[in-house]
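Reviewing the structure listed below.
Number of protein chains: 2
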Amino acid sequence: MAGFVEALTPREKALSSAAAAFGFPWRGGKLSVPADSCSGRILVPVTAGENYPPFSRSTRDGYAVSSADCLGAASGSPAYLTLAGEIPMGAAPSFSIAPGQCALIHTGGILPEGADSVVMVEDTESAGNWIEVKMAVQKAENTIRRGEEFSVGDTMLKAGQKVDFRTAGLFAMAGIRHAVIARLAVGIISTGDEIAPPDTVRLPPGKVRDVNASMLSALLAGEGHTVQNYGIAEDTRDSLAASLREALRENDVVVISGGSSVSTRDHCSSILEDLPHPGLLVRGILMSPGKPTLIAGMKEDRQLVLGLPGHPFSCFISAYTVLLPLLNGLLWGKTEGPWKRVFVPVQEPVFGHTGIEEFIPCVLRNGRAFPLPVKSSFSKALAEADGLFRLSTSQETVRQGEEAEIWLW
Amino acid sequence: MAGFVEALTPREKALSSAAAAFGFPWRGGKLSVPADSCSGRILVPVTAGENYPPFSRSTRDGYAVSSADCLGAASGSPAYLTLAGEIPMGAAPSFSIAPGQCALIHTGGILPEGADSVVMVEDTESAGNWIEVKMAVQKAENTIRRGEEFSVGDTMLKAGQKVDFRTAGLFAMAGIRHAVIARLAVGIISTGDEIAPPDTVRLPPGKVRDVNASMLSALLAGEGHTVQNYGIAEDTRDSLAASLREALRENDVVVISGGSSVSTRDHCSSILEDLPHPGLLVRGILMSPGKPTLIAGMKEDRQLVLGLPGHPFSCFISAYTVLLPLLNGLLWGKTEGPWKRVFVPVQEPVFGHTGIEEFIPCVLRNGRAFPLPVKSSFSKALAEADGLFRLSTSQETVRQGEEAEIWLW
């Protein structure tokens, strides 16, 4: 453990106490994007400006009828109706039906006046102008009424809803061309003398490329935020402090991805300690990996600063389980993450320890969840994983047949 | 059911027989994108061009030692080593250690020659130039050896792997700046006289906006494909045939999103029947929703044409469970979908019917899966859903406590 970690805070407590101390939500930056764009989350609830469907429609091919005319109709005792005409597609009916009449209608056609339901074509026989109805229908059967999908003023999408293939159709349906998504400006600072820029072709001895900045950028961009990279700060307090000042001038949130040496970590915590109220709130989280996570921020300026661990897998876990929930908290007040949480019975034990919350990459095979070893190749494990096993602080090993909690991407 | 559906093919059989008849994979278009881009799938496997880590590194703060020197070391019987120096971060060590010596090392530092492991700082006491080691270490302990994460020639990413936050770090680590992703050109044609363009502000009576083109575009763009929209074809055979000819000149794949009237569906199937070998292969799939799905294609020109149902929820299910697997089959030979499949015990019955494969939107609450009713508001159900329940053709209702199959986005 790093020297700066004085007491490890349980992750959920760290999130809720940070949200309380900062007075979330702050309501961050916003951006209008085409509604069929594939990134970001809805900033404020989207309400319907019109009814859908705009008229009561048939959901079947058949005959528009008054259900009262078909009361008790059956194969042996059909109802006989006269055909008043055909409802054109894409146009209002030019006629209404009187008692004893029906109208040929196609799926999506407007229900004519006088009709309250549709008899499916397979439940009828046609004999010229006479239609034999061999099955009774209930009122509204095989129709969708005006406004049934949504009515003017209905909430169509909640704040925080991801804009993706699931929402594109809804926007089209409602004629909404642009969505206002939440977009925070996030600055990323990397630290550590052993870190070289990711575009370094030939690595000098002792150096490795900066993994965390790219990983964080992709993670944040996927959530709709804009990312500016401030490169690699030198391992001195002054250099890191200067980078942080610059990044704070230009961003809502700054993420420092920690170098792995003790001195870098010390510089980082000492600089965060100097931030205005409430400053450095959380110095280490009771989770593995991801312990050396720092949460700081300034309530008046509405800016958040996080220190994340240097090891890429720890950095990822910390970003996914702490940074993303904090950004959602900042925007909407609820420190929720983007994962899909589900309990599943495991076929193989998932090994853990009590006293600390643990995250282990999880892969799905044939509909079952298995742990992926991280030790020697966390990057392949991460790329292959479908999500994470989460073992709470009170959980030890989850045995075969028991339920484990998984968080799927 | 529509007239053109002669025999319903089970979905998986439809996919495998289409893949066989078309001679998949065809190997489609490709596109080089920045490796930290958030869309698309890797076209061909990515192999490592260098070792990672590039040198054997310490994974802890402590002392680099020869494990032989610490044999049997314990609190009561420590090993005493002389401190030969400190390994600088981000540079090659300028010295090696002799038997009986150790070197101060930080997480990420290069292991000096003569050392094979690292003793954690908390297992030592320092007394000037003497280091007291109070815990034995095994060879390689607290280190990661050169190439342990990946070695030159190792497959880092498989073909078909999604490029996202999980891969961005891996690319950065390996110094890969661009990824070659699979990009198919897909043309989308909408049909149906009741359909108006999605940017229509005031809908004329009887019209609804085109939902499917926007939904399909978002779904396909999320998979990395480029989409060109051919608008709404008039409900005549000639108009639809002309649109299809135009779209086939410019795309690898054409998707016709079917109007809901019988005549549109008839035109569509009749046009697909005229396509060159093998032409129209599948006329309806044994699934609900999504029955009126057509699969056609031309082996020689390597072009695929699909007819999807007009109802937006049916269209979505058909695109998600048939179109996307076919595109993956076209590219890599395996007709797999993008979903994460997992079996979960249900708290509430999921109602189904035997004899047909069924898909029901599924929402996760407190780690449990619940069905969402679709009837009156499929668009909200889809936006809220975390995935789908899948009930196989042989499954009826899944009762409380039984396991159901879910496909999460």
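Chains A and B are the protein sequences, given in the same order. In my numbering, each residue carries its 1-based index in the first sequence increased by 1373. In my numbering, each residue carries its 1-based index in the second sequence increased by 1373. Every residue, glycine too, gets a C-beta built ideally from N, C-alpha and C. None of the values given here were measured: they were computed from a predicted structure.
Item, Value
"Take I1690 (chain B) and list the residues in its own chain whose beta-carbon comes closer than 8 Å to its own, dropping the five residues that flank it on each side.", "M1660, P1662, G1663, F1732 and L1761"
"What three-state label does DSSP hand H1726 (chain B) in the structure shown?", "coil"
"Can you tell me the Cα-Cα spacing of P1360 (chain A) and C1688 (chain B), whole angstroms?", "What is shown of chain A runs 1374 to 1782, which leaves residue 1360 (chain A) out entirely."
"In the DSSP assignment, find the unbroken alpha helix (DSSP H) run with E1495 (chain A) in it and report its ends.", "First-last for E1495 (chain A): undefined, no H or E at that position."
"Does the segment 1644 to 1653 of chain B come within contact of the segment 1674 to 1683 of chain B, defined as at least 3 CB pairs closer than 8 Å?", "yes"
"Determine the chain A residues that contact E1775 (chain B) at a beta-carbon separation under 7 Å, and present them in chain order.", "Those within 7 Å of E1775 (chain B) in chain A number zero; the least Cβ separation is about 12 Å."
"W1780 (chain A) by DSSP, collapsed to three states: which one?", "strand"
"Please list, in chain order, the chain A residues whose beta carbon lies closer than 9 Å to that of F1732 (chain B).", "The contacting residues do not exist; F1732 (chain B) stays about 14 Å from chain A at best."
"Pairs of beta-carbons, one from the segment 1581 to 1601 of chain A and one from the segment 1549 to 1567 of chain A, closer than 8 Å: are there three or more?", "yes"
"Just checking my contact of A1464 (chain A) with K1507 (chain A) at CB under 8 Å: how many whole Å lie between their CB atoms?", "With 8 Å as the limit, A1464 (chain A) and K1507 (chain A) do not qualify as a contact, their Cβ atoms being about 29 Å apart."
"Identify whether A1375 (chain B) lies in helix, strand or coil by the three-state DSSP scheme.", "In this predicted model, A1375 (chain B) has a pLDDT of only 37, less than 50, meaning its place in the structure is not dependable enough to derive any value."
"Closer than 9 Å between beta carbons: that is the criterion. Which residues of the segment 1410 to 1430 of chain B meet it against chain A?", "S1410, C1411, S1412, E1423, Y1425, P1426, P1427, F1428 and R1430"
"Mapping the DSSP letters down to three states, classify G1435 (chain A) as helix, strand or coil.", "strand"
"Mind checking who A1558 (chain B) pairs with in its DSSP beta bridge?", "B:T1599"
"For T1694 (chain A) and chain B, any beta-carbon pair shorter than 9 Å?", "no"
"Which residues, in chain order, does the segment 1458 to 1469 of chain A contribute to contact with chain B at a C-beta distance below 9 Å?", "I1460, P1461, M1462, G1463, A1464, A1465 and P1466"
"Could you name the residues of the same chain whose beta carbon sits closer than 8 Å to that of V1378 (chain B), not counting the 5 residues immediately before and after it, in chain order?", "With a pLDDT of 47 at V1378 (chain B), under the threshold of 50, the modelled position of that residue is not reliable, and the figure given next carries that caveat. The residues are R1656, G1657, K1664 and P1665."
"Can you tell me the Cα-Cα spacing of S1439 (chain B) and R1622 (chain A), whole angstroms?", "49 Å"
"In angstroms with no decimal places, state the Cα-to-Cα distance between G1481 (chain B) and S1429 (chain B).", "9 Å"
"W1503 (chain A) bridges to which residues according to DSSP?", "A:T1455 and A:A1500"
"Can you find a CB in chain B that lies within less than 9 Å of the CB of M1508 (chain A)?", "no"
"Pick from A:G1413, A:A1532, A:G1774 and A:V1747: whose alpha carbon is nearest that of F1538 (chain A)?", "A:G1413"
"Just mark N1352 (chain B) as buried or exposed, buried being the case when its beta carbon has 16 or more other beta carbons within 10 Å.", "Nothing about residue 1352 (chain B) can be read from this structure; chain B reaches only from 1374 to 1782."
"Taking 9 Å as the CB-CB cut-off, is V1553 (chain A) touching chain B?", "no"
"Which two residues bound the contiguous alpha helix (DSSP H) that contains R1656 (chain A)?", "It is not in any alpha helix (DSSP H) - R1656 (chain A) instead sits in the beta strand (DSSP E) that spans P1651 to R1656."
"Contact criterion: CB-CB distance below 9 Å. Does G1481 (chain A) meet it with respect to chain B?", "yes"
"Relative to chain A, which residues along the segment 1673 to 1687 of chain B have a C-beta separation below 8 Å, given in chain order?", "G1683, H1684 and P1685"
"In angstroms, rounded to a whole number, what distance separates the CA positions of G1487 (chain B) and S1469 (chain B)?", "6 Å"
"Our contact map puts A1541 (chain B) next to D1409 (chain B) with C-beta atoms below 8 Å; I'd like the distance itself, whole angstroms only.", "4 Å"
"Return the Cβ separation of Y1425 (chain B) and E1522 (chain B) in integer angstroms, given the expectation that the two are a contact with Cβ distance under 8 Å.", "4 Å"
"Kindly indicate which residue of B:V1717, B:P1451, B:A1692 and B:I1504 has the alpha-carbon position closest to the one of A1591 (chain B).", "B:A1692"
"How about N1585 (chain A): is its C-beta nearer than 9 Å to some C-beta of chain B?", "yes"
"How close, in whole Å, do the beta carbons of W1705 (chain A) and W1780 (chain A) come, if the pair is a contact with beta carbons under 8 Å?", "That pair is no contact at about 19 Å."
"What's the C-alpha gap between A1476 (chain A) and G1740 (chain A)?", "49 Å"
"Should K1580 (chain B) go down as buried or exposed, given a rule of 16 or more other Cβ atoms within 10 Å for buried?", "buried"
"Counting along the chain, where does the alpha helix (DSSP H) carrying R1610 (chain B) start and finish?", "R1610 to E1623"
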